[in-house]
Amino acid sequence: MSIFLSKSQKSDEGLYGCEIWKGWDNSVVNNISLKVKDCKTLQPVKAVLSTPFNLNCPVDITPAQQRPLNISWAMLKGGNPQPINPKSFAINATSLSTLSVDYADSGWYRCKYKLDQTQRCFDINLLVQEEEHVVRTTVPELTTSGITSETKKKGISQLFMTVVVASVIAVITIMAALMGFFIYCRRNTQSIPQQTQRHPAGYPIECYDYEEVNSLSQIRSDDQFNSLYQPFPDEGLCTF
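According to full-length UniProt numbering, the sequence shown holds residues 1 to 240 in order.
Now the structure itself:
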């Protein structure tokens, strides 16, 4: 068994008892204490610094109902209601309005009113902050074709990079081989004259004997002397 309260109010607080009778015997007795909160807490409300702002009190009114009575506003400090500063806010029907909200206006506010003999109360937290600059970015939707094209592009770029790297390595290898061959040939050309001047170990050394040229010159001088004294045919001794 249960009891349902559609619109709880402060006057509904108290001790409730539930008794279940079985025949003439009282089998179950339960006592329930009901406590109604002073006010209903609403979602926080944000306000931009130094801008006009209205803080609204939620009032549910149907055409068959009368206007709410005795709407009041208060600022909560330490859980205790304090009067609203008339220099900062103005009460306009069911709303609390200001021309320029400030950081000092941040805090909890309470609105209370009476409707159809029912007292209602709401607590609202006002948050004053600077204007947020939100940069919206558009994210393109990725379709199957787009993903496929991106995959192909990545595959082509990777293949191109592989070919380039292999070509560079091949060129470097060929240049290194040519450089080594050039150095080898140059060393061989420098070692050939040295090999012609130097004889290897065990190579036979040829020795030549030369006669003095004095005998030959002496023979030539003797022949020339004799030629001066050769006798002429059929002539006698001539004197000068």
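C-beta atoms are modelled at their ideal positions from N, C-alpha and C, and glycine is treated no differently.
Small disclaimer: the values here were computed from a predicted structure and weren't measured.
Start and end residues, beta strand (DSSP E) containing residue i
i	result
Trp24	Counting along the chain, Trp24 falls outside any beta strand (DSSP E), and DSSP gives it neither H nor E.
Cys121	118-129
Pro81	80-82
Exposure of residue i, with buried meaning 16 or more beta-carbon neighbours within 10 Å
i	result
Trp73	buried
Gln230	The predicted model places Gln230 with a pLDDT of 49, which falls under 50 and marks its position as unreliable, so this point remains unresolved.
Leu55	buried
Cys57	buried
Ala104	exposed
Asp12	exposed
Ile174	exposed
Ala90	exposed
Ala166	exposed
Val128	buried
Tyr113	buried
Arg120	buried
For residue i, the nearest candidate out of the options (CA to CA)
i	options	result
Asn80	Leu96, Asn54, Arg110	Arg110
Ser2	Ile20, Gln9, Glu13	Ile20
Leu49	Thr189, Ala176, Glu130	Glu130
Val29	Gly107, Ile71, Ala176, Leu15	Leu15
Pro52	Asn70, Pro83, Leu96	Leu96
Asn88	Ser100, Lys77, Thr94	Position check: residue 88 holds Ser in this sequence, whereas Asn was assumed. Cα-wise, what sits closest to Ser88 is Ser100.
Asp60	Leu5, Thr118, Ser157, Ala47	Thr118
Lys46	Trp108, Gly180, Leu126, Val168	Leu126
Asp38	Ile32, Asn31, Lys154, Leu76	Leu76
Gln9	Gly23, Asp25, Gly17, Val36	Val36
Three-state secondary structure (DSSP) of residue i
i	result
Ile91	strand
Glu13	coil
Asp105	helix
Ser50	coil
Ser167	helix
Ser72	strand
Asn188	helix
Lys77	strand
Glu206	Only weak support exists for where Glu206 lies, its pLDDT of 49 falling under 50; the value from the coordinates is given anyway. Coil.
Ser8	coil
Lys114	strand
Leu178	helix
Ser157	helix
CB contact flag (residue i, residue j, <8 Å)
i	j	result
Leu34	Ile124	no
Thr94	Ile71	yes
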